[in-house]
Amino acid sequence: MDRDISLRVLVLNERVVAKDIPGLIETVPTFHSLLIRYDPLRVRFEEIQARVDSLAANLKTEAQPGRRWRLPVCYETDFAPDLTDVADRCGLSPSRVIEMHSERAHHVYMVGFLAGCPYLGDLPDALSLPRRSDPRLRVPKGSVAIALTMTIVYPVISPGGWHLIGKTPFEIFDAAWQRPALFKPGDKIEFEAISPARFEELEKAVLHDGHCLEPVSA
Amino acid sequence: MLPCLIVRNPGLHTTIQDLGRTGYLDNGVPPSGAIDFVNLRLANILVGNDQGEGCLEILHGGPEYTLQADSARFALGGTDSFLDILEPDRKQIEPGRSATLARGARFRVVLGRASSCAYLAVAGGYEIEPVMGSVSTYVRGEFGGFKGRPLRKADQVPLRQGKIAGQGDFLFSRSPQSVPGGGVLTIRVIPGPQQDYLTREGTRCLFNETFSYSPNADRMGIRLDGPTLELQSIEGFVSDGIIAGAIQVPGSGQPIVLMADHQTSGGYPKVATVISVDLPLLGRALPGTLIRFKAVTIEEAQKALSDLEADIQAIAESMQPIRSEAHLNSEHLLSNNLISGFVTGGSEDN
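In order, the protein sequences belong to chains A and B.
Its first residue numbered -15, the first sequence is counted upward by one per residue in the numbering used here.
Its first residue numbered 3, the second sequence is counted upward by one per residue in the numbering used here.
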């Protein structure tokens, strides 16, 4: 994915949203494009187009949008059914895979596929693999998975063809939250490797006390 | 007991829907909402609700209910679908009018031959907590509507009003502009945004061949049988945003029209987009319906939407109180063309 295009999409999105254009319903930033949904009974296409075009000039001047997060992930075998396989196929040790995955900040390109599911990038070339040839029918909720240059986190149980290399105890989507998806395009996420014991502790806090992940910085 | 509808038979797929969610696509949350927003709005108008109030969306098969409230006023929006009152006295409530029922009334919804869906509105609305600003059910996400799922037998769907005061029932003395029936449904589309991924032959197919609404369809999308659409290489195609009505073409070349519960992003070219006005036609269509696509401009699409709004407005203004039951025989209804509809075009066989 092209990070530069993504950043320009995100900056354009911020500008469009800030303008509060009458008739504009919502926007969806994605990897390389910005989807704009509008009400044609309130505003004509040509008008939206002209206003967005005028906002699209010099898209790199602003500071990068986004918050920083540290997401605890357990990479131990029980939580990471594909880690050994990924390590073998990449010619690395499992601990090296974990290190490479958790030592960098991942950029949230977009949220999609499943409600609240973030697409994160980019992986180092050494970890880039095609999707699994036999997709799973039931990927556990919270699974952290990689394919190609991306990482995703499954917000709910779902079918999926990505390689599962870890799992987070945190909820990343809740329909009752004011913003139901925890992560926003432009956010930066670091993965913090945790032990199975710590996973269980956090999972309990999430389940019983409604413990939520907070950003490291706004 | 709080006022409610008791589900005696859930039907095949009945969910609470309104006009859908807005503002959450960037959270990966689809809009959901009625797949036939026209009939949802008409049903609400007949019972005096806001046009976007939540209704029961009845898909593919008719449910049966018992009313557990002193009284309630219902209206069904759904082309030639009707309410069949089973108790206390057997009678049928024709389309385009409301009906007030008393405690213990048992009734079922019978879907017509011209529509695969219908909307049951109740005066005052169903008592449902909105999620993200909407009562629409998103079954895959397990949220919204009644417990985030289709209705089941013995569910009790709460009603906001336990009793109907004063004024009587209403009927429309004008019916919606009907779409010519007779075989093939013409669906208007705006080409793109990724029409250039089709080969010349693919483009020719899209606009000149006839497709068929496959049995493989749900609120998420409608797979079309028929010719496959030939694509240029989609190697390196980057996932982007999706809107209801997008016609997505996967590698198989078998187009899918994305509907209300669509995923918010997709990794296949979207070669054309069904205009909003024609989405309800697809929502109502039955498996096996033949479909042709016709390219229109954005201006034509905007004009069609203004016309549809004017039509709904005119129907709303045609609403009249029903004076007496004796007045309301089927001859009267037929003379007012009330049991025609969008797709049938004629009332002779109803």
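Idealized CB from N, CA, C, for every residue including glycine.
From the options, pick the residue whose C-alpha is nearest to that of residue i; which is it?
{"i": "A/SER201", "options": "A/LEU132, A/ARG52 and A/PRO108", "result": "A/ARG52"}
{"i": "B/PHE145", "options": "A/LEU(-4), A/ARG28, A/GLU198 and A/TRP161", "result": "A/TRP161"}
{"i": "B/THR188", "options": "B/ASP28, B/LEU48, B/PRO32 and B/PRO282", "result": "B/PRO282"}
{"i": "A/HIS192", "options": "A/GLU155, A/ILE178 and A/ARG163", "result": "A/GLU155"}
{"i": "B/ALA248", "options": "B/GLU203, B/PHE295 and B/GLU237", "result": "B/PHE295"}
{"i": "B/ALA219", "options": "B/THR291, B/GLY54, B/LEU310 and B/GLN163", "result": "B/THR291"}
{"i": "A/PRO119", "options": "A/TRP146, A/ASP158 and A/PRO102", "result": "A/TRP146"}
{"i": "A/LEU111", "options": "A/GLY126, A/MET94 and A/CYS74", "result": "A/CYS74"}
{"i": "A/PHE167", "options": "A/ILE130, A/LEU132, A/ASP109 and A/TYR93", "result": "A/TYR93"}
{"i": "A/VAL(-7)", "options": "A/GLN48, A/ILE9, A/ILE136 and A/GLY7", "result": "A/GLN48"}
{"i": "B/PRO257", "options": "B/GLN265, B/PHE213, B/LEU288 and B/GLU237", "result": "B/PHE213"}
{"i": "A/ASP(-12)", "options": "A/PRO180, A/GLY170, A/LYS188 and A/CYS196", "result": "A/GLY170"}
{"i": "B/ALA306", "options": "B/ALA104, B/GLN53 and B/VAL279", "result": "B/VAL279"}
{"i": "B/VAL240", "options": "B/ASP263, B/GLN196, B/LEU103 and B/PRO5", "result": "B/GLN196"}
{"i": "B/LEU61", "options": "B/GLU55, B/LEU14 and B/GLY25", "result": "B/LEU14"}
{"i": "B/ALA262", "options": "B/GLY285, B/ILE277, B/GLY194 and B/VAL273", "result": "B/GLY285"}
{"i": "B/SER254", "options": "B/ASP227, B/THR275, B/GLY63 and B/ARG162", "result": "B/ASP227"}
{"i": "B/ALA312", "options": "B/LEU69, B/ASP91, B/GLN179 and B/ARG190", "result": "B/GLN179"}
{"i": "A/PRO164", "options": "A/ALA2, A/VAL140, A/ASP4 and A/ASP66", "result": "A/VAL140"}
Assuming contact is defined by CB atoms lying nearer than 9 Å, are residue i and residue j in contact in what I supplied?
{"i": "B/SER138", "j": "B/LEU21", "result": "yes"}
{"i": "B/PRO271", "j": "B/LEU200", "result": "yes"}
{"i": "A/MET84", "j": "A/GLY105", "result": "no"}
{"i": "B/LEU42", "j": "B/ALA123", "result": "yes"}
{"i": "B/SER267", "j": "A/VAL12", "result": "yes"}
{"i": "B/ARG75", "j": "B/ALA120", "result": "no"}
{"i": "B/GLN158", "j": "B/LEU7", "result": "yes"}
{"i": "B/LEU113", "j": "B/GLY79", "result": "no"}
{"i": "B/LEU153", "j": "B/VAL251", "result": "no"}
{"i": "A/CYS149", "j": "A/VAL81", "result": "Rather than Cys, the amino acid found at residue 149 of chain A in this sequence is Ile. Their beta carbons are under 9 Å apart, which means A/ILE149 touches A/VAL81 by this criterion."}
{"i": "A/PHE224", "j": "A/PRO24", "result": "Past the edges of chain A, shown from -15 to 202, lies residue 224 of chain A, and the structure says nothing about it."}
{"i": "A/ARG239", "j": "A/GLU10", "result": "A question about residue 239 of chain A goes unanswered here, because the residues of chain A that appear run from -15 up to 202."}
{"i": "B/ARG108", "j": "B/ILE95", "result": "no"}
{"i": "B/THR24", "j": "B/PRO65", "result": "no"}
Along chain A, which residues have their Cβ under 8 Å away from the Cβ of residue i?
{"i": "B/ASN218", "result": "Those do not exist, as B/ASN218 stays about 16 Å from chain A at its closest Cβ, beyond 8 Å."}
{"i": "B/GLN158", "result": "Going along chain A, no residue has its Cβ under 8 Å from B/GLN158, so there is no contact; the nearest lies around 22 Å."}
{"i": "B/PHE39", "result": "Simply none; closest approach about 13 Å."}
{"i": "B/MET134", "result": "ALA159 and PRO164"}
Over the uninterrupted beta strand (DSSP E) stretch that includes residue i, give me the two end residues.
{"i": "B/ALA36", "result": "First-last for B/ALA36: undefined, no H or E at that position."}
{"i": "A/GLN33", "result": "Taken as a continuous stretch (DSSP letters only), A/GLN33 belongs to no beta strand (DSSP E), being part of the alpha helix (DSSP H) at 29 to 39."}
{"i": "B/ALA248", "result": "248 to 250"}
{"i": "A/MET94", "result": "90 to 95"}
{"i": "A/MET84", "result": "No beta strand (DSSP E) contains A/MET84, which is instead part of the alpha helix (DSSP H) from 78 to 86."}
{"i": "A/ARG182", "result": "Premise fails: A/ARG182 lies in the alpha helix (DSSP H), 180 to 193, not in any beta strand (DSSP E)."}
{"i": "B/ASN11", "result": "6 to 11"}
{"i": "B/ALA101", "result": "100 to 104"}
{"i": "B/GLY223", "result": "223 to 227"}
{"i": "B/GLY57", "result": "A small fix is needed here, since residue 57 of chain B is Cys in this sequence, not Gly. From DSSP, the beta strand (DSSP E) with B/CYS57 extends over 57 to 61."}
{"i": "B/LEU69", "result": "66 to 70"}
{"i": "B/ASN51", "result": "Here B/ASN51 belongs to no beta strand (DSSP E), and DSSP marks it neither H nor E."}
{"i": "A/LEU43", "result": "Segment: none, A/LEU43 is in no beta strand (DSSP E) and carries neither H nor E."}
Can you name the start and end residues of the alpha helix (DSSP H) that residue i belongs to?
{"i": "B/LYS305", "result": "300 to 319"}
{"i": "A/ILE(-11)", "result": "-13 to 3"}
{"i": "A/VAL70", "result": "67 to 74"}
Does residue i come out as helix, strand or coil in the three-state DSSP assignment?
{"i": "B/ASP280", "result": "helix"}
{"i": "A/VAL12", "result": "strand"}
{"i": "B/THR205", "result": "helix"}
{"i": "B/ARG176", "result": "coil"}
{"i": "B/TYR26", "result": "coil"}
{"i": "A/TYR59", "result": "coil"}
{"i": "A/LEU197", "result": "coil"}
{"i": "B/LEU21", "result": "coil"}
{"i": "B/ALA328", "result": "Interpretation of B/ALA328 is limited by its pLDDT of 47, a score under 50 that renders its predicted location unreliable; no figure is taken from the coordinates."}
{"i": "B/HIS15", "result": "strand"}
{"i": "B/ALA125", "result": "coil"}
{"i": "B/ASP157", "result": "coil"}
{"i": "B/GLN94", "result": "strand"}
{"i": "B/GLN322", "result": "strand"}
For a contact defined as C-beta to C-beta under 9 Å, what are the partners of residue i on chain A?
{"i": "B/GLN1", "result": "Past the edges of chain B, shown from 3 to 352, lies residue 1 of chain B, and the structure says nothing about it."}
{"i": "B/LEU307", "result": "PRO24 and LEU25"}
Please list the partners that residue i has in chain B, where partner means a Cβ-to-Cβ separation under 7 Å.
{"i": "A/PRO13", "result": "ASP28"}
Quick one: list the residues of chain B neighbouring residue i, beta-carbon separation under 9 Å, in chain order.
{"i": "A/SER17", "result": "PRO195, VAL240, ASP242 and GLY243"}
Below 7 Å on C-beta distance, what does residue i contact in chain A?
{"i": "B/SER267", "result": "THR14, MET94, GLY96 and PHE97"}
{"i": "B/PHE145", "result": "ALA159"}
Residues of chain B with a CB under 8 Å from the CB of residue i: which are they?
{"i": "A/ILE9", "result": "THR24 and GLY25"}
{"i": "A/CYS101", "result": "GLY30"}
{"i": "A/ARG35", "result": "Under the 8 Å cutoff, chain B gives no residues; its nearest Cβ is about 16 Å from A/ARG35."}
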